[in-house]
Amino acid sequence: MASSKEKIIVLRFSAMGDVAMVASVLQEFTLQHPEKEIIMVSRAAFKPFFSSIPNLIFHAIEPKTIHKGLSGLYHLFRELKQYKASSIADLHDNIRSRAVSSFFRISGVKIKRIDKGRAEKKALTRDEHKVLKPLRPTVERYADVFRSLGYVFKLSHQLQNRPHQLPAKAAGLFTTPAKKIGISPFAQHFYKIYPYDKMDKVIEGLSANGYQLFIFGGGEAEQAIAEKWVRKHENSYNLIGQFNLSEELSIISNLDLMLSMDSSGMHMASLEGVPVVSVWGPTHPYAGFLGYGQSEEDCIQIDHPNRPNSIYGNKPCLCGVESCMEMIQPETIINKIEQKLNG
850 MASSKEKIIV
860 LRFSAMGDVA
870 MVASVLQEFT
880 LQHPEKEIIM
890 VSRAAFKPFF
900 SSIPNLIFHA
910 IEPKTIHKGL
920 SGLYHLFREL
930 KQYKASSIAD
940 LHDNIRSRAV
950 SSFFRISGVK
960 IKRIDKGRAE
970 KKALTRDEHK
980 VLKPLRPTVE
990 RYADVFRSLG
1000 YVFKLSHQLQ
1010 NRPHQLPAKA
1020 AGLFTTPAKK
1030 IGISPFAQHF
1040 YKIYPYDKMD
1050 KVIEGLSANG
1060 YQLFIFGGGE
1070 AEQAIAEKWV
1080 RKHENSYNLI
1090 GQFNLSEELS
1100 IISNLDLMLS
1110 MDSSGMHMAS
1120 LEGVPVVSVW
1130 GPTHPYAGFL
1140 GYGQSEEDCI
1150 QIDHPNRPNS
1160 IYGNKPCLCG
1170 VESCMEMIQP
1180 ETIINKIEQK
1190 LNG
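Under my numbering, the residue at position 194 of the sequence shown is numbered 1043, and the numbers go up by one with no gaps.
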């Protein structure tokens, strides 16, 4: 029997960290509005982010096959029309999401779209006359779309940790009393990555201090780097390529802390209610992409008049001969983690 609940279609197709942030927002929205049903439209790979959210149906977009091009997007519109949604929350505002939402507007469905604050972000990252001030968090920009649709909605900005059952092949790693730290040392853009030789020193120091370390995220190249680290350092484990996304989220939910770049690892830990110590280079938490519920006090970064110079981390640091990432010492990261875990 079809649900009688009022339905809202939510569009956010990529990127991984942004979609994870949407899931954090929808967790709270569905609690505050249990009488509504969400149709979440995103890439099939991201479905695990939404698996524990009540009153949510996940609908996959396949942009490389059946939903490719304008005709494919019209096909997606026809699929989504079957839900008989009352409104569309476009949390992406790209060409694809605009096309799909425009089809709905023509058919008389209410559309609201995210304000990405592009002018403010440009002012934050420009070379001259930089306006260094905190911008509206992306999660609040997402929530604003629901508010503009007429829903009362308040985000708590609090981490909600509910550990999931561990995958069978990871359970044996969680039997010791040692505190468990996830490390997500990679990122889509090279300039957001803490130098590998310095990360090696961080892993060495944390291992020597008796923590159990779990390395997440990446493909074959990153897997090879992680393997070198775990061969050198006790109490460290490479999880790359060992688990699917759903299993990784379950493992993350059982961690005491995550060490991450400004990357999807931070947002996955935030979704699972795990505190994050994050490392920032040419990007900056002021741009609004700090993990949901995380504290700016746990962001490690250097003060420099040329920072930030990038929103997405796809531009090199402009801090001079030594990059802003190189200026961060491994001891700074180790000490911050010690302080966070041990008070």
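Using N, Cα and C, we set each Cβ at its ideal position, and we do this for glycine too. Computed from a prediction, not measured in an experiment: that's the story for all the values here.
>> Quick check on this structure: which residue in V1001, I1074, Q1143 has the alpha carbon closest to the alpha carbon of T987?
In response: Measuring from the Cα of T987, the nearest candidate turns out to be Q1143.
> When DSSP builds the beta bridges, which residues end up paired with V980?
Replying inline: Beta-bridge annotation (DSSP): V980 is not paired with any residue.
>> Threshold first: 4 residues or longer. Then list the alpha helix (DSSP H) segments lying entirely within the region 1034-1100, N to C.
In response: 1045-1057, 1069-1081
> CA-CA distance, N1084 and M1107?
Replying inline: 16 Å
> For I1064 versus Y1086, is the C-beta distance shorter than 8 Å?
Replying inline: Contact check for I1064 against Y1086 passes: the beta carbons are separated by less than 8 Å.
> Does the Cβ-Cβ distance between H924 and H916 come in under 8 Å?
Replying inline: yes
>> Restricting to Cα atoms, I'd like to know which of F878, P912, L922 is closest to L905.
In response: When each option's Cα is compared against that of L905, the closest is F878.
> So, do the region 1027-1043 and the region 1101-1116 have three or more beta carbon pairs nearer to each other than 8 Å?
Replying inline: yes
> Can you find at least 3 beta carbon pairs, one from the region 947-964 and one from the region 863-874, that sit closer than 8 Å?
Replying inline: no
> Which ranges does the alpha helix (DSSP H) cover as unbroken runs of at least 4 residues, wholly within the region 940-984, from first to last along the chain?
Replying inline: 944-955, 967-974
> Based on Cα-Cα distance, which residue from E1097, N1163, V1126 lies nearest to A1020?
Replying inline: E1097
> Per DSSP, K856 is paired with what?
Replying inline: E886
>> By the DSSP assignment, the beta strand (DSSP E) with F1202 in it spans what residues?
In response: Any question about residue 1202 goes unanswered here, given that the chain covers just 850 to 1192.
> With distances taken from CA atoms, which of R1080, K930, A1075 is nearest L1088?
Replying inline: For L1088, the nearest C-alpha among the options comes from A1075.
>> Between which residues of its own chain and L1190 is the CB-CB distance below 7 Å, once the five residues before and five after are set aside?
In response: K1028, D1105, L1106
> Are three or more beta carbon pairs between the region 871-887 and the region 1001-1019 nearer than 8 Å?
Replying inline: In short, these stretches touch, since the Cβ pair count reaches three.
>> Using C-beta distances below 6 Å, list every residue in its chain close to A893, excluding the 5 sequence neighbours before and after it, in chain order.
In response: A909
> In terms of alpha-carbon separation, which member of T1132, G1137, L1139 lies closest to I1151?
Replying inline: T1132
>> Short of 6 Å in beta carbon distance, which residues of its chain neighbour P983, apart from the five on each side in sequence? Order them along the chain.
In response: Y1135
> Are V871 and V890 touching if we call contact CB-CB under 8 Å?
Replying inline: no
> Which residues share a DSSP beta bridge with R892?
Replying inline: Note: R892 sits in a beta bridge opposite I910.
>> Does A1017 come out as helix, strand or coil in the three-state DSSP assignment?
In response: helix
> For V980, does the count of other Cβ atoms within 10 angstroms reach 16, so buried, or fall short, so exposed?
Replying inline: V980 sits exposed, since fewer than 16 C-beta atoms from the chains shown fall within 10 Å of its C-beta.
> Who does K1029 pair with in a DSSP beta bridge?
Replying inline: Q1061
> By a C-beta neighbour count over all protein chains shown, 10 Å radius and 16 as the cutoff for buried, is A1118 buried or exposed?
Replying inline: buried
> Measuring CB to CB, does Y1040 end up less than 8 Å from S1159?
Replying inline: By the CB criterion at 8 Å, Y1040 and S1159 fall inside the cutoff.
>> Between which residues of its own chain and P897 is the CB-CB distance below 8 Å, once the five residues before and five after are set aside?
In response: N1093, L1094, S1095, L1098
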